[in-house]
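Letter by letter, the sequence shown follows residues 447 to 1106 in the numbering used here. From the three backbone atoms N, C-alpha and C, an ideal C-beta is built for every residue, glycine too. Here is the structure we will look at, set down as structure tokens.
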Amino acid sequence: GCNPLAETGRSKLQNQRAVLNQQILRAVRMRAGAENLLRATTNNKVREQVLLELSFVNSDLQILKEELEGLNISVEVYQNTKETFTIPLVPLGLKETKEVDFTLPLKDFILEHYSEDSSEYEDEIADLMDLRQACRTPSRDEAGIEMLISYFLQLGYVENRFFPPTRHIGVLFTWYDSFTGVPVCQQNLLLEKASILFNIGALYTQIGTRCNRQTQAGLENAVDAFQRAAGVLSYLKETFTHTPSYDMSPAMLNVLVKMMLAQARECVFEQIGLPGIRNEFFTLVKMTQEVAKVGEVYMLVNTAMNQEPVKENIPYSWSKLAQIKSDHYKALAHYFIATILCDHELQSGDDEDQQEKAFSHLYDYMPEGLMVLTILKDKVQRKQLGKAHLRKAIVCHEEALRVCGLCKKLRNIDVLQEVLTAAHKRSLLKYAQQETEDDFLSLIQAPDIVPKTEHKIETIVPQFSKVKVKDFFHRLGPLTVFSAKQRWTAPRTIRIHHEGGELGFSLKGGSPVQIYCLDPVCSAASMGLKEGDYIVSVGGVDCKWLGVNEVLEKFKSVGEQPIEMEVISCQDTAASMHSKSATYSVGMQKTYSLICLAMDEDKIDQTKKAPLKLPFLSWGTKNRQKAASTLCLPSAVAGSSQIKKKLSPFTLLNSESSLY
């Protein structure tokens, strides 16, 4: 990631966002406490003081929210450094988060669930934490995107290895809402994954706004970046449907996707007009419909932003900017069609049919008493309709300037004011060049223009498979077998004696290999080897990733000498077993793992309905009592005697699978 202490404009904004998030958190807590006191007290004097305090807190929250909105509309920081005469594009700010310490929860889980020495995985845990820390300050380029995707894919491995569906392991994730600054805290890894996806989309928007819009390559990159941002946000909306944060709610994501596609459409129009717009009939017809399409999509974005519940949380300045762009590009469409009518009279050598056909596609309907071919041939009617379009263009320009002047945040963006003012003056100049003696006689109203485009803008589905990552915890074994969903016995050591060159069992499967066709009278069976056991090591060499041939080579390499192998058995969680059992981990320090399995009667019968998954909206407290808990108790630890009293010899002897 980038240097978090670097004094760049973007890093300053993110630091200000982090400070605001903390201030909002304190104000929200103070308001919650005051509301609780207001409900609890019956003293009128106390109630008056609390109500006064609440009014101050709510005022502070409103001020902080406005400051956060100011950060969200600080678009000039994210634009290209070269001077450009274009309307700024809106990027998304990165979600802020608190640091997370994976060390103790993952080490405890490795010891309890996988029965391995967790100290051997300290480097892997440190790598995971370093990657997460780097993702808080990604670089604004493809390397930053790749790093965020790498962490997102790594979270998939971590989820399968360490986050069982029946309980939490004690890792608390905190992410701040990008628009309100309100924190969301959960023990659910889905919050982490969803927030990283949001930041991937946000980073794409920042890359798009940074592109140089004065070059074809820069505009192409901007279009691609906004389409990819829309694809990531759309994927987030479809994959994580119950996110507890406002900025990741389906309604908000739907608006953000529309806004990114609208900005991509805007860049496409700029790309078409970059070489210059020729004052030629068919070129102007094409540009008219293209720019009308830009105005239409921004009108839809503005409408979506003003719908509940998005209206309460979307930055006010974003909604006004969408309205300004809608009016601005609508005015440009009327200006282009006015130029067609005022500057291009039908000549004898022109193709009347082609011009009539192209011009008729601009309108859904014609003003009463007017025909397309008549307008093209009649100089007076052409000029009257052209001036009507110019009047409509001037009205739209003035509305855009009025809205811009009313919004404090947008009023301070100089380049936006300059672009709107220049376009307005151009339309006024064009109107002034026309004859004015018949203005009071002309009652023609300019009809609406039909938007049309030849350029398709769609979301680009994220291609996560293009980023290759290696599971940090690869040494735990194949993920299809060694996952958090499956429970295993502690490794058992089996000493094998060759009996006439025969092992007494066969091997099957991929990695790891399984015991198959076990002879019940062989020496291995007498030492506790069971049908279906998995071999995890042979002669002290880890073989979780070895196939049948490699394991057989290990056996053959020792000849007739006895060899030790370690095996594990899959624990059937639906089998009848006590809720508490103690297992001794072979080959490690004398450590007892007290495994408390919350077994309900309906879980015993697999034919019955499976338990529901934990909802994404759970805050990690409702299910804490139901969830399984793990206590790793060293044999010589003060205070362990109380727990040892709960373990009776009968607990160990009641089930054969519990005694190793």
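Whether L594 touches L635 by CB criterion (8 angstroms): In the sequence shown, counting from the first residue as 1, residue 594 sits at position 148. In the sequence shown, counting from the first residue as 1, residue 635 sits at position 189. For L594 and L635, no; Cβs fall outside 8 angstroms.
Confirm, please, whether the CB-CB distance from L540 to N645 is below 8 angstroms. Taking the first residue of the sequence shown as 1, we reach residue 645 at position 199. Taking the first residue of the sequence shown as 1, we reach residue 540 at position 94. A contact, by the Cβ cut-off of 8 angstroms.
For K954, report the span of its beta strand (DSSP E) as first-last. By one-based count along the sequence shown, residue 954 stands at place 508. Note, K954: beta strand (DSSP E), 952 to 954.
For V1016, name the three-state secondary structure that DSSP assigns. The count along the sequence shown starts at 1 and reaches residue 1016 at position 570. As written in the sequence, residue 1016 is Cys, which differs from the Val given in the question. Correct three-state label for C1016: strand.
In whole angstroms, what separates the C-alpha of M694 from that of K639? Locating residue 694 in the sequence shown gives position 248, counting from the first residue. Locating residue 639 in the sequence shown gives position 193, counting from the first residue. Taken atom to atom, the span from the alpha-carbon of M694 to that of K639 is near 12 angstroms.
Minimum Cβ-Cβ distance from N667 to chain D less than 8 angstroms: No chain D appears in the structure shown, which is made up of a single protein chain.
Report the option in V492, V731, C631, G986 whose CA atom is closest to the CA atom of K898. Residue 898 sits at position 452 when you count from the first residue of the sequence shown. Nearest C-alpha to K898: V731.
Relative to the C-alpha of K976, which candidate in L618, L964, S969, Y877 has its C-alpha closest? On the sequence shown, residue 976 is found 530 positions in, with the first residue counted as 1. Among L618, L964, S969, Y877, the Cα nearest to that of K976 is on L964.
Candidates L707, M706, Q735, Y980: closest to G719 by CA position: On the sequence shown, residue 719 is found 273 positions in, with the first residue counted as 1. Checked all of L707, M706, Q735, Y980; the closest Cα to G719 is Q735.
Got a sec? Which residues, its chain only, sit under 6 angstroms from K838 by beta carbon, not counting five neighbours each side? By 1-based counting over the sequence shown, the position of residue 838 is 392. So the list reads H780, A892, once near-sequence residues are dropped.
With a threshold of 6 angstroms on Cβ separation, who are the neighbours of D573 within its own chain once the five nearest residues in sequence on each side are excluded? In the sequence shown, counting from the first residue as 1, residue 573 sits at position 127. Apart from sequence neighbours up to five positions away, the residues of its chain that approach D573 with a beta-carbon distance below 6 angstroms are F918, ordered along the chain.
Tell me the rounded alpha-carbon separation between V465 and L618. Position 19 of the sequence shown, counting from 1, holds the residue named residue 465. Position 172 of the sequence shown, counting from 1, holds the residue named residue 618. Taking C-alpha positions only, V465 is separated from L618 by approximately 21 angstroms.
Neighbourhood of D979 by C-beta, 6 angstroms cutoff - its chain only, sequence neighbours within 5 removed: The count along the sequence shown starts at 1 and reaches residue 979 at position 533. Sequence-distant Cβ neighbours of D979 in its own chain, meaning closer than 6 angstroms and more than five residues away, are I961, V1013, S1015.
Enumerate in chain order the residues of its own chain whose CB-to-CB distance from I821 is below 7 angstroms, with the five nearest sequence positions on each side excluded. Position 375 of the sequence shown holds residue 821. Excluding residues within five positions, the ones whose Cβ falls inside 7 angstroms are Q827, R828, L831.
Within the stretch 723 to 784, ranges of the beta strand (DSSP E) (whole runs, at least 3 residues): Counting only runs of 3 or more residues that sit fully inside the stretch 723 to 784, no beta strand (DSSP E) segment turns up.
In terms of residues, what are the limits of the beta strand (DSSP E) holding Q632? Position 186 of the sequence shown, counted from the first residue, corresponds to residue 632. Q632 -> beta strand (DSSP E) spans 629 to 632.
Three or more C-beta pairs under 8 angstroms: does that hold for the stretch 901 to 911 against the stretch 664 to 674? Contact between the stretch 901 to 911 and the stretch 664 to 674 is present, because at least three Cβ pairs lie under 8 angstroms.
At a cut of 8 angstroms, does the stretch 921 to 938 reach the stretch 763 to 781 through at least three beta carbon pairs? Output reads no: the stretch 763 to 781 does not touch the stretch 921 to 938.
Would the stretch 556 to 567 count as touching the stretch 619 to 632 if we require 3 or more Cβ pairs under 8 angstroms? The answer is no - the stretch 619 to 632 does not touch the stretch 556 to 567, with fewer than three Cβ pairs under 8 angstroms.
Counting Cβ pairs, one atom from each stretch, are 3 or more of them under 8 angstroms apart for the stretch 865 to 879 and the stretch 838 to 850? In short, these stretches touch, since the Cβ pair count reaches three.
When burial is assigned at 16 or more other CB atoms within 10 Å of the CB, is H614 buried or exposed? The residue given as residue 614 occupies position 168 in the sequence shown. Under this definition H614 is a buried residue.
DSSP three-state label for V984, please. For the purposes of this step, residue 984 is taken as the residue at position 538 of the sequence shown. In the three-state reduction of the DSSP assignment, V984 falls in the strand class.
Look at K855 and S763 and say whether their C-beta atoms are less than 8 angstroms apart. As a position in the sequence shown, residue 855 is number 409, starting the count at 1. As a position in the sequence shown, residue 763 is number 317, starting the count at 1. Yes, the pair counts as a contact, with Cβ atoms nearer than the cut-off.
Pick from K990, T685, E592, E605: whose alpha carbon is nearest that of L922? Residue mapping note: residue 922 aligns to position 476 of the sequence shown, counting from 1. It is K990.
On the CB-based measure, 16 or more other CB atoms within 10 Å of its CB, does T651 come out buried or exposed? Within the sequence shown, residue 651 is the residue found at index 205, counting from 1. T651 counts as buried, since at least 16 other C-beta atoms from the protein chains shown sit within 10 angstroms of its C-beta.
Given 8 angstroms, three or more beta-carbon pairs between the stretch 472 to 482 and the stretch 496 to 516: Enough Cβ pairs lie closer than 8 angstroms, so yes.
Grouping DSSP H, G and I as helix and E and B as strand, with all else coil, what is Y622? Indexing the sequence shown from 1 puts residue 622 at position 176. DSSP places Y622 in strand when its eight states are reduced to three.
Give the single residue among P584, T549, R582, S561 whose Cα lies nearest to the Cα of E568. Taking the sequence shown and counting its residues from 1, the one referred to as residue 568 is at position 122. Selected option, being the one with the closest Cα: T549.
Going by beta-carbon coordinates alone, are L787 and V743 separated by less than 8 angstroms? Looking up residue 787 in the sequence shown gives position 341. Looking up residue 743 in the sequence shown gives position 297. No Cβ-Cβ contact shorter than 8 angstroms links L787 with V743.
Any idea which residues DSSP pairs Q960 with across the strands? Residue numbering aside, residue 960 sits at position 514 when the sequence shown is read from its first letter. K954, Y980.
Rounding to the nearest angstrom, what Cα-Cα distance links V604 and F531 in this structure? Locating residue 604 in the sequence shown gives position 158, where the first residue counts as 1. Locating residue 531 in the sequence shown gives position 85, where the first residue counts as 1. Put simply, the backbone Cα of V604 is about 47 angstroms away from that of F531.
Between K1002 and the rest of its own chain, which residues show a CB-CB distance below 6 angstroms, the 5 nearest in sequence each way excluded? Looking up residue 1002 in the sequence shown gives position 556. When the five nearest sequence neighbours on each side are left out, no beta carbon in the same chain lies closer than 6 angstroms to the beta carbon of K1002.
From C631 to V913, what does the alpha carbon distance come to, in whole angstroms? Locating residue 631 in the sequence shown gives position 185, where the first residue counts as 1. Locating residue 913 in the sequence shown gives position 467, where the first residue counts as 1. Roughly 29 angstroms between the two C-alpha positions.
In whole angstroms, what separates the C-alpha of H835 from that of L816? Within the sequence shown, the letter at position 389 stands for residue 835. Within the sequence shown, the letter at position 370 stands for residue 816. Going by C-alpha positions, H835 is about 15 angstroms away from L816.
Please name the residue in N490, N489, Q508 whose C-alpha comes closest to that of R477. Numbered from 1 along the sequence shown, position 31 holds the residue referred to as residue 477. The candidate whose alpha carbon is nearest that of R477 is Q508.
For R578, count neighbouring C-beta atoms within 10 Å of its own C-beta (all shown protein chains included) and say buried if the count is 16 or more, exposed if not. Against the sequence shown, residue 578 aligns to sequence position 132. R578 comes out buried.
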